[in-house]
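Have a look at the structure below before the remarks.
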Amino acid sequence: MNLFNYLSGAWPEILHLTLQHLMLVSIAVGLAIVVGVPLGIVMIRHRGLASPMLGLATVILTLPSIALFGLMIPVFSRFGQGLGPLPAITAVFLYSLLPIMRNTYLALDGIEEGVKEAGIGIGMTFWQRLRLVDLPLAVPVILGGVRSAVVMNIGVMAVAAVIGAGGLGVLILHAISQSNMQKLVVGAVLISVLAIVADALLQWLQRVLTPKGMQK
Numbered sequence: 001m002n003l004f005n006y007l008s009g010a011w012p013e014i015l016h017l018t019l020q021h022l023m024l025v026s027i028a029v030g031l032a033i034v035v036g037v038p039l040g041i042v043m044i045r046h047r048g049l050a051s052p053m054l055g056l057a058t059v060i061l062t063l064p065s066i067a068l069f070g071l072m073i074p075v076f077s078r079f080g081q082g083l084g085p086l087p088a089i090t091a092v093f094l095y096s097l098l099p100i101m102r103n104t105y106l107a108l109d110g111i112e113e114g115v116k117e118a119g120i121g122i123g124m125t126f127w128q129r130l131r132l133v134d135l136p137l138a139v140p141v142i143l144g145g146v147r148s149a150v151v152m153n154i155g156v157m158a159v160a161a162v163i164g165a166g167g168l169g170v171l172i173l174h175a176i177s178q179s180n181m182q183k184l185v186v187g188a189v190l191i192s193v194l195a196i197v198a199d200a201l202l203q204w205l206q207r208v209l210t211p212k213g214m215q216k
């Protein structure tokens with residue numbers, strides 16, 4: 001069976017696995033944004049928490065992905081969810097936290113003192129300045145962290161197929177077990193293409209959301 005014949009016969013399965021892969025990564029990174037950005041704000045508000053929180057997130061990121069997925073199994077087995085999407089999403093969520101938290105913290109910390117003093121001078125509270133000034137200026141850098149998380153975890157999510165999460169990693173697992181080079185090539189290429197396309201789209205969004213005064 002050549003590659004063209006395989007694609008023509010298996011495209012519904014490939015499309016399903018591709019959409020499933022995107023959904024898993026989107027949920028995990030979306031949750032990391034919802035949690036990571038507020039945690040970055042907390043670290044700015046209480047700077048003593050920055051080092052331990054970033055240190056803990058760094059330790060999690062250094063764990064091999066297969067080990068982290070394995071650690072999720074006994075935790076979620078207590079709730080009858082040891083295998084499947086839930087532990088995979090949780091693991092990728094944890095992997096996504098560090099770049100988003102760190103970039104949020106660095107972006108807010110890097111805002112010029114003159115801008116902050118101007119907000120204070122016109123009577124803005126911390127939260128008003130954060131909402132109206134700091135976060136809009138920080139969005140491009142925060143999106144840089146999101147880009148890193150998305151690109152990295154599109155690849156990591158492929159490993160989640162070993163715990164039954166689905167996605168394009170299924171093609172690679174089947175290819176290895178069946179010695180099927182067509183499946184292996186299609187799975188690997190699609191994962192790479194998804195990462196490249198996602199990075200390009202987020203880079204475009206980053207440019208669009210960068211205030212004109214900050215653009216070169």
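Quick note: the sequence shown uses full-length UniProt numbering, first residue 1, plus one each step.
No residue lacks a Cβ here, since even glycine has one placed at the ideal position from N, Cα and C.
Pairwise C-alpha distance: serine 8 and leucine 83: 31 Å
Look at the alpha carbon of arginine 78 and the alpha carbon of proline 87, and state the distance between them as a whole number of angstroms. 12 Å
Report the option in Gly55, Phe93, Ala107 and Glu112 whose CA atom is closest to the CA atom of methionine 23. When each option's Cα is compared against that of methionine 23, the closest is Phe93.
For a test of the three-state rule: what should DSSP assign to histidine 16, helix, strand or coil? Helix at histidine 16.
Taking DSSP as the reference, what is the three-state secondary structure of arginine 129? helix
What number of angstroms, rounded off, separates the C-alpha of arginine 102 from the C-alpha of leucine 54? 7 Å
Indicate the three-state DSSP secondary structure (helix, strand or coil) for threonine 62 in the structure shown. helix
Would you please state the rounded distance, in angstroms, between the beta carbons of leucine 168 and isoleucine 191? I believe it to be under 8 Å. Indeed they touch by this definition, with Cβ atoms about 5 Å apart.
Taking 6 Å as the limit between beta carbons, can you name the residues of its chain near glycine 145, skipping five residues before and five after? The answer, listed in chain order, is Pro99, Ile100 and Asn103.
Three-state secondary structure (DSSP) at threonine 210? coil
Is the Cβ-Cβ distance between valine 29 and alanine 149 less than 7 Å? yes
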